[in-house]
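All remarks here apply to the structure that follows.
Numbering (the numbering used here), first residue to last: -10 to 318.
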């Protein structure tokens, strides 16, 4: 009887050890074991949401687990971003960050997270230029003509989709670098801002390309320049602001709407590495490349530490602009 009891005890210990070993192997070498949540810090239907859903579809095919999109809008993306830092499952939640990640840190005092140090920067995915656009009947046909007028006249105005948007901040950066004193006129979204531009109620806007591309092609507005460091293939013949304004204080002007995946800083090295590998495959997928033109986007290259350095520079740029312009929410 005692022998049988001893054998049973030894078997139980062995089984427990085997189970422990198996669980350990799963934990260390078989990510992902669960569904992955991709958080979109804006409402459904916008550029971030559309991009995230396409990435999620392709990413789950690479990872073999569902990637579920979850919209959590609020306070310029800072609500969802703050929640990510408190995630109880840091290996299974990722967030599609954008310029709101950098700008939010500049205009929302009291955020309880560091926009650089509290995150793992997995991979930048795409870059989309903003475009300097004026009404179709505007007398200004070049950046030089516009800057000359803005320096000589009071009361010229630029519109945006709201305080703290990338459109607003791009305009503030333009003001800062050219020494002009344009008035900012915020609207509740580009749906309200663009009619004001078309009608000539404001003089200029620095809109995201996908929002304004059809209006440029139809002749409702004129594109004077793109804000990225190289011309956009989707707007042939339109120069960069840095090139068109190199003698006007704009030689170093560069902004873009970047979109990249970040995670809680506690995400494991294994999860980060596998996500980066899967994203590399997604971004080489012809279905993804065929999708980019509808966003006016080009693939980004930064990942890991390079992506982190890119975001750190973006954070500092917008902090400087916000401080000089006195922008706080």
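No residue lacks a Cβ here, since even glycine has one placed at the ideal position from N, Cα and C. Fair warning: this is a prediction, and the values are worked out from it, not measured in the lab.
Exercise for the section: Compare the C-alpha of residue 199 against each of 179, 267, 256 and 213 and name the closest. Expected result: Ranking the options by Cα distance to residue 199, first place goes to 179.
Exercise for the section: To the nearest angstrom, report how far apart residue 20 and residue 49 are at their CA atoms. Expected result: Their Cα atoms are separated by approximately 13 angstroms.
Handout entry: Residue burial classification, residue 197 (beta-carbon count within 10 angstroms, cutoff 16)
Key = Buried is the call here.
Exercise for the section: Just list the beta strand (DSSP E) runs in the stretch 101 to 125, keeping only unbroken ones of 3 residues or longer that don't cross its boundaries, in chain order. Expected result: As far as the stretch 101 to 125 is concerned, its whole beta strand (DSSP E) runs of at least 3 residues are 108 to 117 and 119 to 124.
Problem - DSSP state of residue 52 mapped onto helix, strand, coil - result: When DSSP states are grouped into helix, strand and coil, residue 52 belongs to the helix group.
Handout entry: Supposed close pair residue 250, residue 85 - CB separation, criterion 8 angstroms
Key = With 8 angstroms as the limit, residue 250 and residue 85 qualify as a contact, their Cβ atoms being about 6 angstroms apart.
Handout entry: residue 42 to residue 118 span [Cα, whole Å]
Key = In a straight line, the C-alpha of residue 42 is about 21 angstroms away from that of residue 118.
Problem - CA-to-CA distance, residue 25 to residue 190, given in whole angstroms - result: Rounded to the nearest angstrom, the two C-alpha atoms are 46 angstroms apart.
Practice task
Flag this pair as yes or no: are the beta carbons of residue 76 and residue 58 separated by less than 8 angstroms?
Solution key: A distance of 8 angstroms or more separates the beta carbons of residue 76 and residue 58.
Exercise for the section: Measure the CB-CB distance between residue 70 and residue 253 and report whether it falls below 8 angstroms. Expected result: Cβ distance not < 8 angstroms, so residue 70 and residue 253 don't count as in contact.
Handout entry: chain D within 8 angstroms of residue 315, Cβ atoms only
Key = No chain D appears in the structure shown, which is made up of a single protein chain.
Handout entry: Residues that DSSP places opposite residue 82 in a beta bridge
Key = Residue 82 pairs with 26.
Exercise for the section: For residue 88, count neighbouring C-beta atoms within 10 Å of its own C-beta (all shown protein chains included) and say buried if the count is 16 or more, exposed if not. Expected result: Here residue 88 is buried. Its C-beta has 16 or more other C-beta atoms within 10 Å.
Problem - Simplified DSSP assignment, three categories, for residue 277 - result: Secondary structure at residue 277: helix, using DSSP grouped into helix, strand and coil.
Exercise for the section: Would you mind sorting residue 160 into buried or exposed? The rule is 16 or more other CB atoms within 10 Å of its CB. Expected result: Only buried fits residue 160, as 16 or more other CB atoms lie within 10 angstroms of its CB.
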